[in-house]
Structures are given as structure tokens and as C-alpha cells.
Amino acid sequence: MVVRALRSVIDDLFGDHRALVRGDGWAMTSVLRSIRRVALLVAAGWQLVMLLASVATLGPAAWPLVLAQLVLAATALIALKRRIPAFLIPLGMMGIGLWSYLASGDLDSALVFAACWEIDFASCLMGLLVLHRISIALVVVPAVATTATVLLALPAWGAQLPVAIIVTQSSIILAMRAGLPWLLRLAAETDAVTARAETASLRIETIRRTSARLAEESRTLHDTAINTLGAVANGGAGVADPERVRAQCARDIDLLRALRGERAPSGPVRLRMLFDHVALPVHRAGLDDEDLERIEGRLGPERVRAVVACAREAATNAAKHSGADRVEILLAEDAGQLRVVVRDSGRGFDGAVPEGRGIASSILARADAAGFSAAVTSRPGAGTAVELRVPIRSAAAGQGPELERGIGAPAWSGNDVDASVSALHGRAGDLWALGVTAISVVLTLGGGTNRFLALFPMLGVMLLAWAVSRSAVLRRAPAVLSAILIACTCAVFFLSAAATAFGSAGAVNWQALAPTGAFVLLLSLDAGRTARFLGAAAWILLACGTAVIAWRISPTAAQITVIAALVGLGFVVVWETFRARVGRLAEQAERARQRVLEAELRAELDAAAQADHRRWTDAGLDASVELLRAIAAGEREPSDPALRLACAAEERYLRQLVQLSPELVHLSRSLVSAIRLARERAVDFSLRIGATDTGDEEAARDIAGTVLGGLRTAPRGSALSASLFPVGAALQLTLIGPGIAPQRPLGPGERHERVGDLELLELSYARDTVAAGRTEES
């Protein structure tokens with residue numbers, strides 16, 4: 017394990033980080049773009065500090081150096097828009113740093129101090145902008161060249177600073193190369209998790225919506241063709257008005273053709289249509305057509321369609337079962353809801369809603385699927401009332417089509433972008449705090465200026481800040497943790513200043529970035545603007561006080577103190593800019609990904625719709641269409657006994673079709689043809705099936721093929737039983753009937769045997785091909 021960890025560290029230090037940049041996911045794209053943008057802004061912004069330090073130190077003689085700084089700043093800004101080779105900017109900063117050394121010649125000047133940070137920042141940017149391992153050489157070679165030049169051109173400076181240049185720049189580039197892979201891997205892992213979640217969510221959402229559409233189609237088939245055929249089969253009041261029956265048959269034909277994809281569905285449904293095609297006289301009360309038109313625009317077309325269908329089914333049930341001579345429909349707007357009450361004064365019932373179709377599916381389940389409530393109240397002899405309560409969107413929410421549920425929801429794929437971005441920020445903050453502490457340790461051990469031995473307690477405070485930031489107890493008290501980190505930031509700044517005698521002794525060794533470790537941890541807490549403001553204000557006030565102390569020593573020491581404060585505070589601004597940039601890019605990428613996912617979902621739903629049309633085509637609705645056509649055309653009278661028998665048989669067949677649960681997206685499509693074949697061969701087919709679907713079409717086709725094989729071999733007039741339920745860790749198909757034979761070789765735990773005059777076949781389907789679902793018997 018130690019060897020593996022060591023090998024991993026070596027790979028991070030000397031490997032090609034471009035291999036970690038996989039794909040174009042939102043996390044990786046956001047991180048890389050933000051790093052490049054912020055790095056270039058740092059390069060351009062620091063030139064302003066260099067310009068001020070140059071003028072303060074050199075006066076008018078600074079103009080060539082100032083010109084070079086302006087050119088470099090302009091190049092960095094241009095690189096924000098154009099693809100300029102990334103390594104040129106850090107190399108230019110290193111060159112300007114060396115030039116500043118030579119131009120000043122004063123080791124204790126503000127320009128030399130600023131130039132030290134110019135070179136330090138250049139090494140940081142090289143590690144961020146150049147992912148290839150050559151970045152090490154691009155830092156170390158210029159550092160060696162700078163050291164040699166200083167030793168030769170400025171011998172009075174001694175060897176400490178030149179040696180520190182090599183040590184510092186090597187430490188920086190190695191720290192950057194050790195830390196950046198962690199951030200890139202986290203981004204890649206986030207993208208991979210997001211991609212898997214989106215794939216699963218796309219499949220789940222497709223199944224959910226396909227199931228919802230199948231359920232609505234089954235309800236509509238029940239409410240129209242099945243009810244019409246049943247009314248004709250039963251005779252009586254349901255067919256007392258032949259013209260009304262013929263008109264209803266014509267409408268049902270249009271529906272069946274739409275189910276089979278032979279024609280487009282009819283136009284939009286309006287709320288006033290709930291009064292149409294009701295078999296009993298209607299007493300209307302409440303809202304008028306103008307009110308309904310105003311409200312329906314705030315409901316959305318899907319909800320309007322569901323309201324009308326529920327109300328019509330309630331009126332149809334009243335006509336079929338209540339014995340009443342009329343039905344009352346009340347519409348009212350009440351507390352932001354549309355209230356629809358369908359009431360009769362007929363015989364009523366005990367109020368217990370039976371399972372299956374009718375009230376349970378066509379009213380209660382339909383209302384629930386559309387997002388509103390439905391309640392049924394009844395007592396024997398007191399009639400029945402169905403009440404719908406439909407939420408109305410506010411006018412400010414706009415009018416226009418209602419979005420399909422699930423589309424556009426930020427978390428529809430199961431991925432929380434905000435949480436992922438927060439995790440990226442947290443990991444980056446931890447890495448920076450550890451990295452800057454490690455560099456401080458190296459610089460301290462390398463002989464950095466350490467007046468009053470201030471660097472040792474400074475390192476202790478830096479480690480303390482990192483440790484308390486990881487305390488679960490303190491994280492539950494963000495105000496306390498924020499106060500501790502602010503105190504650590506100020507303590508580290510003051511101790512780093514004291515180590516250089518407040519800029520008057522060995523100022524080039526001032527560890528000005530050391531306070532940023534604790535402050536970056538504060539930013540990673542997302543403790544709010546107040547904590548960030550108080551922390552920055554405390555740091556600025558402390559820097560001002562320290563500069564006053566340094567001014568008493570020398571104006572140059574005060575200038576160096578101000579520059580050191582700008583280094584730390586400027587880095588904090590850069591870090592916060594990076595955080596904000598990642599967040600904005602993540603939001604943009606999320607919106608773009610949502611558009612792609614919605615397009616993919618629409619394509620999946622279109623394909624599923626075609627499969628649904630095939631489902632109803634496979635169901636063999638021709639006999640139903642022909643019966644309804646003959647009645648609608650007046651070729652056959654609804655009172656004809658032979659017609660009534662045919663309608664009864666067709667009603668039973670259609671009811672068997674709609675008993676297939678719409679949640680079984682794969683199985684319901686495949687088993688429709690089995691129900692049709694059983695009717696054609698006059699086989700008494702019993703199908704019992706649970707609510708667990710197969711995970712793919714292939715397994716569903718295998719199951720359907722086995723059932724179809726059993727039906728084809730069953731003699732006409734015989735019986736065949738099929739059941740499909742979860743058993744243990746598998747989905748088990750059981751067939752019992754004459755002449756059944758397996759369609760494939762039997763696997764472990766499967767069996768085929770003869771039981772008396774019948775054959776028994778049991779087949780199992782592994783759970784990894786089965787979609788999780790309910791296992792209750794439907």
C-alpha cells in the first residue's frame with residue numbers, strides 16, 4: 017500500500033495531467049475554464065502592483081520596465097479571448113521579475129519584494145496553465161537561470177536569495193502538480209457520476225411518462241369504447257336514444273384510430289366540454305363559459321384534459337348506475353382552486369370505492385396523475401357526489417402550455433449541481449490550505465528570515481486552522497468556526513510580518529501567502545457574506561496597523577507591508593473570483609445539459625409513442641372498430657341481440673387488455689399479442705401478473721415468446737394459465753396448459769414436467785435484468 021501511494025504521488029508530480037482531463041462534462045469544463053481565466057487575470061492584475069512598485073523605486077527611469085509590464089498585462093488580457101500559448105505568460109513574468117532585480121539592485125526595495133512575488137506567481141500559473149510535465153522544466157530552468165544571473169550580476173546580495181529562488185520555485189511547481197490532480201480527479205468523478213445519474217434518470221423518466229401515457233390511454237379506452245360496448249351489450253336505458261349511441265360510436269372510432277396512430281388526436285380540450293356527451297340531462301351551476309376560458313389558461317392543457325375526463329366519467333357512472341333522471345354539475349373558483357362537483361340523487365352506494373377501472377382508475381388515479389385531488393362521497397339512497405379540486409396557477413405565473421412534469425427541474429437527473437460545486441470548492445480549499453502550509457514549512461526549514469522565531473508559532477496556527485476546519489462539531493457551529501478562522505488569518509499575517517521585522521529585514525522572505533490558507537478555508541465554509549466581510553475587514557485593519565508600525569522603521573518597510581497585504585488579499589479576491597466563475601459556468605453548463613436532456617427525452621418519448629401505437633395495433637382492435645362503425649352508420653341496431661352478444665365479447669376482450677398495468681412498460685407491449693392470439697384461437701387464457709416489469713425489451717420478448725408458443729400449441733377451446741411474479745431473487749414465469757414446450761434450453765432452477773394431462777413450465781429471469789418495482793399482485 018505504501019509503495020502504491022508513493023507511486024501515485026510520483027505519477028502526480030511527474031505525470032501528464034492532460035490524461036486526467038476526460039470528456040467535456042460540466043465540472044471539468046467549469047474548473048479548467050475558471051482556472052485559465054483567473055490565472056490570466058492574476059497575471060494582468062499583478063502587473064499593476066509591479067508598475068506602482070517600479071515607479072516608487074526607480075522614478076522616471078522605470079519607463080522601459082513599466083512598458084514591458086503593460087505589454088505583458090495586455091497579452092494576458094488578450095489571451096482571455098484568443099488561444100495564445102499558455103506558457104508564454106508565466107515565462108514573461110519570470111523575465112520581468114529578473115529585470116526588476118537588476119533594475120533595482122537594492123535587496124530591501126519594494127520593487128525587489130514585488131518582483132519576488134512576480135516570480136512566485138509565475139510558477140503558480142505555470143502549474144495551473146500547463147498540464148504537461150514540461151511545466152516543471154519551464155519553472156526550474158528559468159529559476160536556475162535567475163539564480164545564476166543574480167549571483168553574477170548582484171554578488172552583494174549574497175547566496176541566500178538566489179538559493180531561495182530555486183527552492184521556492186521548485187516547491188511551488190511541485191506543490192501545484194501534487195494538488196491539481198486531486199481537483200481534476202474530483203471534477204472527472206463528478207462528471208462521471210452525473211453522466212450515470214442522467215442516463216438512469218433519462219430511462220426512469222421515459223418509463224414514467226410512457227407508463228403515464230399508457231395509463232391515460234387505458235382510462236380513455238375504458239371511458240369510451242369499453243363503456244359504449246358495455247352499454248350496448250347490457251341494453252336498457254343505455255341505448256334508449258339510438259342517435260346518441262351512434263354519435264358516441266363515431267367518436268369512439270376516432271379514438272381507436274388515434275390509439276393505433278392512424279390519425280392525429282383531436283384538437284385541444286376545453287373546460288366547457290365537460291358538459292358534452294352526457295347521457296343524462298345536466299343542471300349546470302356556478303361559473304359560466306367566460307370564467308372557464310379564463311381559468312383553463314392557468315391550468316394547462318394536460319390538467320384541463322384530465323378534469324374534463326374525470327367529470328365525464330362521473331356523469332357516465334351516474335347514467336349507468338344511479339337510476340337518477342338528471343345530473344348536477346357545479347363549478348366554482350374557491351381559494352385558488354377550481355372546484356368541480358358532479359352530483360346525482362340516485363340510489364348511491366356504501367361509499368367504498370372498488371378497485372380496478374371506473375371510479376378508482378378513471379377518476380381517482382387520473383386526478384392524482386394530473387396533480388389534483390378527487391373525492392367520492394355516497395350513501396345508499398342519498399346519491400353520489402364526485403368533487404374535484406384543481407390548483408390554479410397565479411396570473412403572474414403566465415398563461416400558456418403547462419410544462420410536462422420533470423422537464424426543466426434542476427435535479428431531475430438526481431444530480432445536485434450546487435452540492436457538487438460546493439464539494440469542488442471544499443476540496444480545493446483543503447488542498448490550498450495544506451499546500452500553502454507545506455510550502456511555508458519548506459521555506460522555514462530552508463533558512464527563511466525568522467526574527468523573534470515568529471515562523472514556528474505561525475506554522476502552528478496554520479495547522480490549527482486546517483484541523484479546526486475539519487471538526488464536525490465546529491462545522492455545526494459555523495459562526496464559531498468562522499471566528500476561529502478569522503483569528504487564525506490575522507495571527508498568521510502578523511507573525512509573518514514579525515518574522516521579517518515588519519519588512520525591514522529579509523523582506524524577500526516574507527511569506528505573504530501564508531494567511532490565505534485559513535481565509536480560503538473560511539470561504540469554503542460558505543458561511544455567508546457577513547463572515548467574509550468581517551474577515552476581510554479584520555485583515556485590512558491589521559495590515560493598516562502593521563504598516564503604521566513599519567513606517568516608524570522606514571517608508572520602504574511600510575511599502576513592503578502594503579505589498580505583502582495586497583499579495584494575500586489579492587489572492588483571496590482571485591480565489592473568490594474562481595469560486596464564482598466555477599459556479600456561473602456550472603449553471604450555464606447545467607442549463608445547456610438540461611436542453612440536451614430534454615431533447616433526448618423528447619426523442620425517447622417519440623420512440624415510445626410509436627411503440628405504444630404498435631401495442632394497440634397488435635391488440636387487434638379491428639373487431640371493435642367494425643362493431644362501432646356498423647352502429648354509427650346505422651347498419652345495425654343497438655337493440656339487435658346478436659350485436660349485443662358481439663359487443664359483450666368485445667367488451668370483455670378490451671377489459672382484459674386494459675388490465676395490463678401501464679407500469680409494465682416492456683411487458684404490457686409484449687403480452688398484448690398473447691391476449692389477441694388467445695382470442696383468435698378461442699383459448700381460455702388466464703394471465704396473472706405482478707407489478708414488476710422486466711428491465712429490458714429482450715427479456716419481455718422472451719417471456720412473450722414463451723407464452724405465445726404455449727398458446728399456439730394449445731388446442732382450440734382449451735385453457736392455458738400464465739403467471740409472472742417475483743420469487744426470491746428472480747422473476748418467475750409459470751405456464752400450465754396442454755402441449756407446452758420450452759422455447760429455449762432450461763437454466764438452473766427452471767423446470768418442465770407433465771402434471772396429469774397438462775404441462776408445467778417454470779422459467780426464471782435474473783434480477784439484474786428486472787427493473788425494480790412493486791411486487792404486489794395487480
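Reminder that position 631 of the sequence shown reads as 647 in my numbering, one-by-one numbering, no gaps.
Backbone N, C-alpha and C define an ideal beta-carbon position, used for all residues, glycine too.
Computed from a predicted structure; not experimentally measured.
Residue i, enclosing alpha helix (DSSP H) - first and last residue
{"i": "Ile752", "result": "Careful: Ile752 lies outside any alpha helix (DSSP H), inside the beta strand (DSSP E) at 746-753."}
{"i": "Arg545", "result": "545-569"}
{"i": "Ala153", "result": "150-169"}
{"i": "Val320", "result": "317-333"}
{"i": "Met109", "result": "104-120"}
{"i": "Arg728", "result": "713-729"}
{"i": "Met289", "result": "Per DSSP, Met289 belongs to no alpha helix (DSSP H) and is neither H nor E."}
{"i": "Asp270", "result": "258-275"}
{"i": "Gly533", "result": "532-540"}
{"i": "Ala658", "result": "657-674"}
{"i": "Leu127", "result": "126-145"}
{"i": "Thr710", "result": "Premise fails: Thr710 is in no alpha helix (DSSP H) and is neither H nor E."}
Among the options, nearest to residue i - alpha-carbon criterion
{"i": "His33", "options": "Trp198, Thr165, Leu141, Val156", "result": "Trp198"}
{"i": "Leu86", "options": "Met109, Val369, Ala552", "result": "Met109"}
{"i": "Ala635", "options": "Cys560, Arg671, Ala102", "result": "Arg671"}
{"i": "Ala746", "options": "Gly706, Asp268, Asp136", "result": "Gly706"}
{"i": "Asp27", "options": "Trp62, Leu196, Val261, Ser512", "result": "Leu196"}
{"i": "Leu93", "options": "Cys140, Val58, Ser125, Leu127", "result": "Val58"}
{"i": "Val52", "options": "Gly721, Val146, Pro571, Arg645", "result": "For clarity, residue 52 is Arg in the given sequence; the question names Val instead. Looking at the Cα atoms, Val146 is the closest of the given residues."}
{"i": "Trp133", "options": "Ile576, Tyr669, Val457", "result": "Ile576"}
{"i": "Leu538", "options": "Val484, Gly519, Ser520, Ala515", "result": "Val484"}
{"i": "Pro657", "options": "Leu347, Ala102, Ala247, Leu127", "result": "Ala247"}
{"i": "Glu713", "options": "Val160, Tyr781, Val155", "result": "Tyr781"}
{"i": "Phe30", "options": "His148, Ala60, Ala138", "result": "His148"}
{"i": "Ala580", "options": "Val589, Ala513, Leu557", "result": "Ala513"}
{"i": "Glu614", "options": "Arg405, Leu218, Gln675", "result": "Leu218"}
{"i": "Arg486", "options": "Gly442, Ile379, Leu380", "result": "Gly442"}
{"i": "Ile189", "options": "Leu200, Ala161, Ile152", "result": "Ile152"}
Bounding residues of the beta strand (DSSP E) (the contiguous stretch that carries residue i)
{"i": "Pro407", "result": "400-407"}
{"i": "Ser394", "result": "389-394"}
{"i": "Ile242", "result": "It is not in any beta strand (DSSP E) - Ile242 carries neither H nor E in the DSSP assignment."}
{"i": "Pro742", "result": "735-743"}
{"i": "His768", "result": "767-771"}
{"i": "Ala348", "result": "343-350"}
{"i": "Leu703", "result": "700-705"}
{"i": "Ala301", "result": "298-302"}
{"i": "Phe360", "result": "According to the sequence displayed, residue 360 carries Asp and not Phe. It spans 353-360 - the beta strand (DSSP E) in which Asp360 sits, taken as one unbroken run."}
Presumed contact (8 angstroms Cβ cut-off) between residue i and residue j, rounded CB distance
{"i": "Asp709", "j": "Val681", "result": "6 angstroms"}
{"i": "Val343", "j": "Ala334", "result": "5 angstroms"}
{"i": "Leu736", "j": "Val771", "result": "Contact doesn't hold; Cβ gap of about 14 angstroms is too wide."}
{"i": "Trp591", "j": "Val536", "result": "6 angstroms"}
{"i": "Ala327", "j": "Ile311", "result": "Incorrect: roughly 14 angstroms between the Cβ atoms, too far for contact."}
Exposed unless 16 or more other CB atoms sit within 10 angstroms - verdict on residue i
{"i": "Leu541", "result": "buried"}
{"i": "Ala412", "result": "Because the pLDDT of Ala412 is 46, which lies under 50, any placement of that residue in the model is unreliable, and the number read from its coordinates should be weighed accordingly. Label assigned to Ala412: exposed."}
{"i": "Thr546", "result": "exposed"}
{"i": "Ala425", "result": "Reliability fails at Ala425, whose pLDDT of 42 lies under 50, so the model's placement of it is uncertain and no value is given."}
{"i": "Gly367", "result": "exposed"}
{"i": "Ala35", "result": "exposed"}
{"i": "Trp555", "result": "buried"}
{"i": "Cys504", "result": "buried"}
{"i": "Thr215", "result": "exposed"}
{"i": "Glu775", "result": "buried"}
{"i": "Asp777", "result": "Sequence check: residue 777 is Leu here, not Asp. By the neighbour-count rule (16 or more Cβ atoms within 10 Å), Leu777 is buried."}
{"i": "Cys560", "result": "exposed"}
{"i": "Gly397", "result": "exposed"}
{"i": "Asp207", "result": "buried"}
{"i": "Ile112", "result": "buried"}
{"i": "Val323", "result": "buried"}
{"i": "Arg23", "result": "exposed"}
{"i": "Arg359", "result": "buried"}
Cβ of residue i within 8 angstroms of any chain B Cβ
{"i": "Arg288", "result": "Here there is only one protein chain, and chain B is not present."}
#### Entry: Cβ pair count under 8 angstroms reaching 3, the segment 727-738 against the segment 751-762
The segment 751-762 and the segment 727-738 touch, with three or more beta-carbon pairs separated by less than 8 angstroms.
### Message
Across the segment 638-647 and the segment 259-276, are there enough close Cβ pairs to call them in contact, namely three or more that are closer than 8 angstroms?
### Response
Short answer: they touch.
### Contact between the segment 586-598 and the segment 648-662 (3+ Cβ pairs under 8 angstroms)
No contact exists between the segment 586-598 and the segment 648-662.
### Query
Between the segment 565-575 and the segment 489-499, are three or more C-beta pairs nearer than 8 angstroms?
Output reads no: the segment 489-499 does not touch the segment 565-575.
### Cβ contact check for the segment 67-77 and the segment 119-133: 3 or more pairs under 8 angstroms
Yes, the segment 67-77 touches the segment 119-133.
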